[in-house]
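Residue numbers (mature numbering (1 follows the signal peptide of the UniProt record, and there is no 0)): -20 to -1, 1 to 628. Have a look at the structure below before the remarks.
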């Protein structure tokens, strides 16, 4: 039997079950979390209630709560499905309704939250969570336990948080993630990522999408897909080691399009790369390492997201070493070391297990790092992050895992492919005691064959002789002789390449030493926060996202008189006409001017030949009047600037 778990996001859940074999017995054990009883005519669903169904070949069975108002605020997360023969299970939500749970001010959505649920034998223990680096998009992760007694570690930059799921079917939710995290568990879990747009956003409708987060154990080295045409913008989201991104080949050519890189919290060698992709058929390959690949699309009214694929390797199948039928790239753990195809045919023990060429992969590896993640040791915090946990008690049964059989193909003759150009000669980026120069090249694979020759070569040099080693650079500097600066990194930058784990609030682009200030409408660490969400306009500053003081919040003085605007106009005109060559307006102070709406003040200034820029003013309130009373008044002092453009 194959064992599946079902996911629901609390909005009109559905389950679809299909099979390709006759006489398939299906057993559904429900887990229901709702404020009132839930009816699936003629049954009233309860926890641990079991429903059985028999299906013929190519027949399907659907449990649909799309029009059931009782299930609008219920969840079936933790429901399990068993099949006596091979089955497929799709779960998620019906056409999403913008109910009061999310967006009370919006109508229906065209988004469909649905995903193929993998059998538990494909559940993993190591994950890189996802994050969508787009304005007004919020992402969350649901982690569901496959077995009792599951412990989950969610790694941050300098710590990890722990959550324990006591029973199978229990889940925890990581809300509003703005960056990817490394997650490890002691037992297999199902991880799902979903994102939705901000309800307050006026530029796009309310959209959301759902995808399976592929276990790192199932990452592969090649993918192919077709980007749909109806979506306005399609994107790739890649989880890959940073130093291997340059070796990827999109449609057999190096990737030249721009990308947004986000470091993965908790495992510094990995990043997420967000890349725009055109519609149509594509392929993506790496000759060096396995990686995760996701495809998503987004426009003003529709969104989707799915994994581009993963290795078909049952992780729960008992393993016995067998090298007799091994061939390169067979996607089997031939030596039962929890690594898949980690060796090169080079008579070298690449993975350090005292075996040589025992589990071969197809194509050359540029590093000797196994595909499985190394153990990450981080210092836990004394105040762990609070995680939302939903508990649903469940029972588990022992199941005989199925096995995967592959037909051994005939190996093609070795083909000599073309190498890319050698890089420039440079010094070691990790060891200042190595005085040699090195250069490297990558194999340009038009097909996944072996390039003949070395990927790296060395020659004698004078590296780091009579120079300051980058490792010895003080905080805020990097490079040979510490000539480069990185004052905006948090913590200090890499001393050899200047990259940062995180940018201090107000700065962005950690891969270039956080050298740029936040763009308009952004603030905070790495400039990931959205000013519009917080202020409904641009922020006053980029560090904490302080909102500008809204002029409309000040109450007008009750003694407004018509002559005041004319007086202001006269004073401004006189001041500006006599100060064209001055570099500031330090003396301009309108302490007694009643509060005016911004558009009125802007109109007055335009009549004086000036344009109003709200970012260049300091707004003060509660100015004491001459008679000792306090009232809401307006004082504007222009910041020092050049007047050459007649603009302030």
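All C-beta atoms, glycine included, are put in the ideal place defined by N, C-alpha and C. Quick caveat, the model's predicted, so the values are computed rather than measured.
Since residue i and residue j are thought to touch, with beta carbons under 8 Å apart, how far apart are those beta carbons, to the nearest angstrom?
i: residue 245; j: residue 136; result: 5 Å
i: residue 58; j: residue 11; result: 4 Å
i: residue 172; j: residue 122; result: 5 Å
i: residue 213; j: residue 145; result: With 8 Å as the limit, residue 213 and residue 145 do not qualify as a contact, their Cβ atoms being about 37 Å apart.
i: residue 95; j: residue 134; result: At roughly 21 Å, the Cβ-Cβ gap does not stay under 8 Å, so residue 95 and residue 134 are not in contact.
i: residue 30; j: residue 8; result: 7 Å
i: residue 693; j: residue 188; result: Missing from the structure shown is residue 693; the chain here goes from -20 to 628 and no further.
i: residue 100; j: residue 296; result: 7 Å
i: residue 499; j: residue 469; result: Not really, about 19 Å apart at Cβ, beyond 8 Å.
i: residue 170; j: residue 287; result: The pair is not a contact, with the Cβ atoms about 13 Å apart (cut-off 8 Å).
i: residue 254; j: residue 113; result: 5 Å
i: residue 444; j: residue 417; result: That belief does not hold up - the Cβ atoms of residue 444 and residue 417 are roughly 11 Å apart, past 8 Å.
i: residue 165; j: residue 109; result: Contact doesn't hold; Cβ gap of about 13 Å is too wide.
i: residue 264; j: residue 230; result: 5 Å
Apply the 10 Å Cβ neighbour rule to residue i and answer buried if 16 or more other Cβ atoms are within range, or exposed otherwise.
i: residue 475; result: buried
i: residue 260; result: exposed
i: residue 228; result: buried
i: residue 442; result: exposed
i: residue 347; result: Note on residue 347: pLDDT 34, under 50, position unreliable in the model; the coordinate value appears next. Exposed is the call here.
i: residue 455; result: exposed
i: residue 432; result: exposed
i: residue 316; result: exposed
i: residue 208; result: exposed
i: residue 34; result: exposed
i: residue -4; result: buried
i: residue 221; result: buried
i: residue 670; result: The question about residue 670 has no answer, for the chain in this structure spans -20 to 628.
i: residue -1; result: exposed
i: residue 37; result: exposed
i: residue 28; result: exposed
i: residue 42; result: exposed
i: residue 506; result: buried
i: residue 481; result: buried
i: residue 127; result: buried
i: residue 284; result: buried
i: residue 234; result: exposed
i: residue 251; result: buried
i: residue 314; result: buried
i: residue 256; result: exposed
i: residue 436; result: exposed
i: residue -8; result: buried
i: residue 336; result: exposed
i: residue 402; result: exposed
i: residue 633; result: Only positions -20 to 628 of the chain appear in this structure, which leaves residue 633 out of reach.
i: residue 270; result: buried
i: residue 202; result: buried
i: residue 463; result: exposed
i: residue 440; result: exposed
i: residue 143; result: buried
Cβ of residue i less than 9 Å from any chain D Cβ?
i: residue 422; result: Judged by its chain identifiers, the structure shown contains no chain D, having just a single protein chain.
Per DSSP, what are the beta-bridge partners of residue i in this structure?
i: residue 498; result: Answer by DSSP bridge pairing: none, since residue 498 is not bridged.
i: residue 243; result: 251
i: residue 110; result: Answer is none; residue 110 lacks a bridge partner.
i: residue 158; result: Answer is none; residue 158 lacks a bridge partner.
i: residue -1; result: Answer is none; residue -1 lacks a bridge partner.
i: residue 420; result: 436
i: residue 407; result: 417
i: residue 41; result: -4
i: residue 483; result: 469
i: residue 124; result: 151 and 170
i: residue 73; result: -8
i: residue 34; result: 5
_Length-filtered (3 minimum) beta strand (DSSP E) runs lying within the stretch 254 to 285_ = 260 to 265 and 272 to 278
*Counting Cβ pairs closer than 8 Å, one from the stretch 141 to 158 and one from the stretch 195 to 205, do we hit at least three?*
no
*For the stretch 426 to 472, which segments carrying the beta strand (DSSP E) assignment without a break, of at least 3 residues, lie completely within its bounds, in sequence order?*
436 to 439
*asked:* I'd like to know if the stretch 156 to 167 and the stretch 241 to 257 are in contact, where contact means that at least 3 CB-CB pairs between them fall below 8 Å.
replied: yes
*Quick check: the stretch 409 to 424 against the stretch 487 to 500, are there 3 or more CB pairs under 8 Å?*
no
*In chain order, which continuous runs of the beta strand (DSSP E) of length 3 or greater are located wholly inside the stretch 164 to 226?*
188 to 192, 202 to 207 and 214 to 221
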